[in-house]
Structure formats: structure tokens, C-alpha cells
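Student: Residue numbers for the sequence shown follow this note's numbering, so the first one is 4 and each next one is one higher. Ideal Cβ placement from N, Cα and C applies to all residues, glycine included. All of these numbers come straight from a predicted model, not from anything done at the bench.
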Amino acid sequence: MIELEGVPELIDPVMVAAFEGWNDAGDAASAAVAHLDREWKGEVFAALDAEDYYDFQVNRPTVFLDGGVRKITWPTTRLSVVRVGDKNGKGRTRDLVLVRGIEPSMRWRSFCNEILGFAHELGVEMLVVLGSLLGDTPHTRPVPVSGVTSDAELASRLDLEESRYEGPTGIVGILQEACTHAGVPAVSLWAAVPHYVSQPPNPKASLALLNRLEDLLDVRIPLGELSEDARAWQLGVDQLAAEDSEVAEYVQSLEEARDTADLPEASGEAIAREFERYLRRRDPQAPPGVATEGGLAEGRDGSYLRDSAGGRNRPPRPASKEPREPKPGDDGAAGPKETGTAGGAKETGTAGGAKDTGKGTKGSGDTPGPSGDPSGDADPADSARPEDGPEDAGS
Numbered sequence: 004m005i006e007l008e009g010v011p012e013l014i015d016p017v018m019v020a021a022f023e024g025w026n027d028a029g030d031a032a033s034a035a036v037a038h039l040d041r042e043w044k045g046e047v048f049a050a051l052d053a054e055d056y057y058d059f060q061v062n063r064p065t066v067f068l069d070g071g072v073r074k075i076t077w078p079t080t081r082l083s084v085v086r087v088g089d090k091n092g093k094g095r096t097r098d099l100v101l102v103r104g105i106e107p108s109m110r111w112r113s114f115c116n117e118i119l120g121f122a123h124e125l126g127v128e129m130l131v132v133l134g135s136l137l138g139d140t141p142h143t144r145p146v147p148v149s150g151v152t153s154d155a156e157l158a159s160r161l162d163l164e165e166s167r168y169e170g171p172t173g174i175v176g177i178l179q180e181a182c183t184h185a186g187v188p189a190v191s192l193w194a195a196v197p198h199y200v201s202q203p204p205n206p207k208a209s210l211a212l213l214n215r216l217e218d219l220l221d222v223r224i225p226l227g228e229l230s231e232d233a234r235a236w237q238l239g240v241d242q243l244a245a246e247d248s249e250v251a252e253y254v255q256s257l258e259e260a261r262d263t264a265d266l267p268e269a270s271g272e273a274i275a276r277e278f279e280r281y282l283r284r285r286d287p288q289a290p291p292g293v294a295t296e297g298g299l300a301e302g303r304d305g306s307y308l309r310d311s312a313g314g315r316n317r318p319p320r321p322a323s324k325e326p327r328e329p330k331p332g333d334d335g336a337a338g339p340k341e342t343g344t345a346g347g348a349k350e351t352g353t354a355g356g357a358k359d360t361g362k363g364t365k366g367s368g369d370t371p372g373p374s375g376d377p378s379g380d381a382d383p384a385d386s387a388r389p390e391d392g393p394e395d396a397g398s
């Protein structure tokens, strides 16, 4: 039964969700929603019953002391609400319903129906699910973020892709399919995380997701220290990669492939869009904590980066080998040497002072090709396409 007592009447509400687990490589998606909850001081108004959806031998509860009293935190999914202003600072407000939890262990259809029940009771206009996957993308370039929907009209209006993926899926794909059947407009935003540095956290990917969400919803998102965290993360990975010539060579091959694929996209429209973002971020009228990019260059998709340890673009040189093409289900695991995975490879989960959570590698397990199907013949630049979409849930 849904209890919504104490929740005010919402203004143009949009639901934004992310789930830890298979669809959360580098914890990028769940960290992005956690950032929104923290910066806007979200107020939790509901939580799903953990007994209904979680296997506690897979997601164990934790015990902690609160003033000398032992308490237990159960793995679950919580909903909170925040009120935000538009990105132009003109005073127009809207509400976001933030959904943050763990991918359920069981009863996925009931889980999605309960989420949709909340959406119906709150009058939610659209649901946006954030996800992240492993891909053949270099950490030195802007994080690719793909927007996917199964609604043709929504795809045209918001400049999104229509998913054609077929294959295994996670809770993100199931929830989006449930929205389609319920008549609720739904969008998935996917960030690609370099497979050779898959350990969480990945603040650069979280930042890219938030920038894309900001544009999609026309709201201004306070970034806080996330930009500095993203720069520190990249500096740490730069240093670790520089210590191993094989890894450095592999990263350069990914850079060359990515730059070649991106050349046609450097259109006047894209440049104008990013220049507008630059001006908006530097607006002296902007609220505190928003325009704090710390001198980082802003990529075409809104992510911030440095191109090399020296802060300049590295000239291309011939690579000794072609970049590995992704294969379905391999999580991008076949690099020259994987930093951040097991087997004696270098760990990058603590790069730039970031905390190594000790979690296992997460990813999509299937990187679609250029047409959205998991053919495994994708260009490295295309590996950022989402690994599941609304069409896959019925399989």
C-alpha cells in the first residue's frame, strides 16, 4: 500500500532513478543521484519493503552504533523529493522525485509496479533512469552519454535514440519497459566508463550524467566539489597509466579511434551549445556552488576533462595495435592490461584520492554496436551506447 502523507503538491514533477548493481559501472549512476539528493537536501518520504525484493545473502544489512545504540540498515530503495529552479535563473521551479536503491534480487515486475504506483500518485510527467556501462573509451576524453527512449515522439522532441537492443537486461531496461506499457514517458541516460579503470568511484562519469540531465530537464544542477573530484580522478589515472608503457599505448590507440570518430560531430550547432553552457556556468548571477569548474575544459557532451597530464593535447602517433573490439558479455575485459581489475593488474579505484570501495567490477555485460544491437562489431567510440532499452524487457 502506498502512503504519501506529508508530501506537498508537486510542480511539474519528474522522477530520476538509479540503482546500484549491474547497470551501475563505476557507481557512476547511483553516485549522480546521491549527489542530487545531497546538494538539494532531499527529504525521504517513502521506502520499499526490503523483505519483498532483496536477498539478504546477496545484499546484506549493515549494523552501526548510534549514540551507543545498535541499529540496522536494510538494503532497500528510497524515494525523496526536491524542488529546483530552471537553469536560466528566471524563478520557474519544478520538483524532482529521486529514486535511489539497489537492483532488486527478485520480483522485478512487482518492484516496477510499485515504483510506477508512486509515479502515478505524485503526477510524475516523465521518468529518467540513469545508468553506466563499461566500454572501450579513453579516460582522457569526454565521457560519452547516450539518451535512449522507446517513445518515437519523445525521441524526436528531445533528440534521443530509439533503442533497438536485444539481449540480457537489468532493472533499468525492465523499468523503462514497464513505463512504456503504463503510458509514462521514460528516458534512459547511459555513461560509458573505461573498462580498464572500472573500479568505483568514477566522478567524471557522474558529472557527465548530471550535465546531460541538466540539459534534458532544463534545470540548473549545483556541482559542488564534483568537478574537482573528476579532475583529481583523471590526474590519478593519468599517473598510473604513465607508469606502464603498454597501458599508455593502449590508451593512445583508444584516443586516436575516438578522435577520428568524433570529427564529423564537431558541428556548428554542437559548438554553439557548449559555448552557451560555458557562458551560463560563468554567469556572475549564478547561485553559489554552481559555476565552479576549476578551469576544466568542457566537452561536447558537457563533461569536463584534461587531455593529458600536461594539460594539452597529445599529438597522435602510430599505435602498435588496433583497439580491441568489444564482444557481448565480456565487460570489455580484454585490454592490454586492466587497471582496476583482478589478476595483478594496477588498481585505479583510488585514483586522485578517491576511495576504493572494494566492490566488484560492474558493467553492462553487453555493448551494442552502431545500430543499437549487441553485435560486438562496434567502433570504440560507439561503445557508449546503452546496453539495454525498453525493447529488451519482453525477451
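#1: Determine the burial state of G305: buried for a count of at least 16 other Cβ atoms within 10 Å of its Cβ, exposed for fewer.
#2: State the start and end residues of the unbroken alpha helix (DSSP H) segment that holds P206.
#3: Check this for me: beta carbons of L212 and A32, under 8 Å apart or not?
#4: Along the chain, where does the beta strand (DSSP E) containing G138 start, and where does it finish?
#5: List, from N- to C-terminal side, the alpha helix (DSSP H) runs of 4 residues or more that fit wholly inside the region 48-120.
#6: If you pair each beta-carbon of the region 214-234 with each one of the region 44-59, do three or more pairs fall below 8 Å?
#7: Is E259 helix, strand or coil by DSSP?
#8: CB-CB under 6 Å to I118, same chain, minus the five flanking residues each way: which ones, in chain order?
#9: Would you check whether the ligand GDP has a heavy atom nearer than 7 Å to the C-beta of T76?
#10: Starting from the C-beta of Q60, find all residues in its chain whose C-beta is less than 7 Å away, skip the five residues before and the five after it, and write them out in chain order.
#11: Can you say whether P11 is buried or exposed, counting buried as having 16 or more other CB atoms within 10 angstroms of its CB?
#12: Are the region 196-215 and the region 161-181 touching by the rule of at least three beta carbon pairs closer than 8 Å?
#13: Run through the DSSP bridge pairs and tell me what W193 is partnered with.
#14: Would DSSP call V36 helix, strand or coil?
#15: In the DSSP assignment, find the unbroken alpha helix (DSSP H) run with V175 in it and report its ends.
#16: Using the Cβ count rule (16 or more neighbours within 10 Å means buried), how would you classify F114?
#17: Around the C-beta of D40, are 16 or more other C-beta atoms found within 10 angstroms, so that it is buried, or is it exposed?
#18: Identify the residues that DSSP records as bridge partners of E165: which are they?
#19: Is K74 buried or exposed, if buried means 16 or more other CB atoms sit within 10 Å of its CB?
#20: Excluding the five sequence neighbours on either side, which residues of its own chain have a C-beta within less than 6 Å of the C-beta of R86, listed in chain order?
#21: Using a Cβ-Cβ cut-off of 6 Å (strictly less than) and excluding sequence neighbours within five positions of G397, which residues of its own chain qualify?
#22: Compute the distance between the beta-carbons of T140 and A195, then report whether it is under 8 Å.
#23: Given a cut-off of 8 Å on the beta-carbon distance, is the pair A208 and L137 in contact?
#24: Would you call the region 122-132 and the region 15-23 in contact, with 3 or more CB pairs under 8 Å?
#25: Where does the unbroken beta strand (DSSP E) through V10 begin, and where does it stop?
#26: Would you report the Cα separation of V450 and H142, rounded to the nearest angstrom?
#27: Count the other CB atoms, across all protein chains shown, that sit within 10 Å of the CB of A34; report buried if there are 16 or more and exposed otherwise.
#28: Judging by CA-CA distance, which residue of L163, V127, A264 and D262 is the nearest neighbour of D154?
#29: According to DSSP, what are the bridge partners of V19?
#30: Could you give the C-beta distance for W111 and V151, rounded to a whole number, given that I count them as a contact under 8 Å?
#31: Taking the alpha-carbon positions, what's the Q179 to I224 distance?
#32: From this set, L68, K44, Y57 and P145, which residue's C-alpha is nearest V100's C-alpha?
Tutor: Let's see:
#1: Because the pLDDT of G305 is 37, which lies under 50, any placement of that residue in the model is unreliable, and the number read from its coordinates should be weighed accordingly. With 16 or more Cβ atoms within 10 Å of its Cβ, G305 is classed as buried.
#2: P206 to L220
#3: yes
#4: M129 to G138
#5: 53-56
#6: no
#7: helix
#8: none
#9: This structure lacks the ligand GDP, and indeed carries no ligand of any kind.
#10: none
#11: exposed
#12: no
#13: Bridge partners of W193: G134 and S149.
#14: Shown here, V36 sits in a helix according to DSSP, grouped into three states.
#15: I174 to A185
#16: buried
#17: buried
#18: Bridge partners of E165: T152.
#19: exposed
#20: T96 and D98
#21: Confidence at G397 is low in this model, with a pLDDT of 39, below 50, so the placement of that residue should be treated as unreliable; the coordinate-derived value is given next. Taken in chain order, the list of residues that qualify is empty.
#22: yes
#23: no
#24: yes
#25: No beta strand (DSSP E) holds V10; DSSP gives it neither H nor E.
#26: For residue 450 there is no data in the structure shown, the boundaries of the chain being 4 and 398.
#27: buried
#28: Closest option to D154, Cα to Cα, is L163.
#29: L101 and V131
#30: Between W111 and V151 a beta carbon distance of about 19 Å is seen, past the 8 Å cut, so the two are scored as non-contacting.
#31: 24 Å
#32: K44
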